[in-house]
Structures are given as structure tokens and as C-alpha cells.
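Working notes, structure below.
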Amino acid sequence: MTEATRAQLTRLDGYTFDGDTGRTLRDLYQAVGDAGYTKDAPFVVPSWREGDDIPVVLNSYLDEEGNRVHVVWQSDGAGLSRVVDIIDDAPPLKKERAADGDACGACSGVDAFRETMEAMLDE
1 MTEATRAQLT
11 RLDGYTFDGD
21 TGRTLRDLYQ
31 AVGDAGYTKD
41 APFVVPSWRE
51 GDDIPVVLNS
61 YLDEEGNRVH
71 VVWQSDGAGL
81 SRVVDIIDDA
91 PPLKKERAAD
101 GDACGACSGV
111 DAFRETMEAM
121 LDE
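Heads up: the sequence shown at position 6 corresponds to 6 in this note's numbering, and the numbers run straight through without jumps.
This is how it looks when you write it as C-alpha cells:
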């Protein structure tokens, strides 16, 4: 990734939306897209950061060279959402299924969450 592209993405660390900001999740997605990144597949997965009581959401993006980054955000109890981390050289979010083709319980939950988030984005 170019230094300019990386610098533009780094400026999103701490970006807030929802609450009283007047910005929405779509605005975050637009800002990342404007920095030159495209959505990866899978695009969204919930997770937990060590020591946090509140879950985070990882959004996976690719730069023009195919390098993957994750934009990590979470919402607080008051409804304000914030980008809390940007991870360079991130692993893919796709998890391999078991040899018998069944998904584990956690994977099924992630799949359901992903489908819900993607449906919301399509609205």
C-alpha cells in the first residue's frame, strides 16, 4: 500500500459515527472506500478485544495491491460508535469449515451475523 493510502486510512483511527455525530456506518464505509480500499469477502465479523467487555466488529478491506487491512470498531452503551484499531497485514476473516462440511456453532453464529449486517447494508 502506498504511504498516502496508508496515511488516509490511519486518519480514520478514532473516527466516530452514530450517536449525535450526524454520521452513520455507511459514512465510515464511504471514508474507507475514498481512501482507496475495497471490501473483502467475507467483509464483516464480530469479535472481542482482550480486556474489553464490549464486542467489536472487524471490517476487512483490500488495497489496490491486494493487501488486507481490518478496520475495527465498537459501539458504547450510549450508542456512539468509534474506530478503535486499524490492523495492517491482516489475516482473512474466512474460517475453514470442518472436513465433514459442518460449521461449528461459533461459525454458524458469525455467518448469521454477517448475513444480517450485509442485509442491513443493502437496504
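Backbone N, C-alpha and C fix where the C-beta goes; we use that ideal spot for every residue, glycine too.
- Put simply, the backbone Cα of aspartate 88 is about 7 Å away from that of arginine 68.
- Collapsing the DSSP output to three states places leucine 62 in a strand.
- Nearest neighbour of lysine 95 by Cα position, chosen from Asp13, Glu3, Phe43, Thr2, turns out to be Phe43.
- Put simply, the backbone Cα of leucine 9 is about 10 Å away from that of aspartate 63.
- In the pairwise beta carbon analysis, the stretch 17–27 is classified as touching the stretch 76–85: at least three pairs are separated by under 8 Å.
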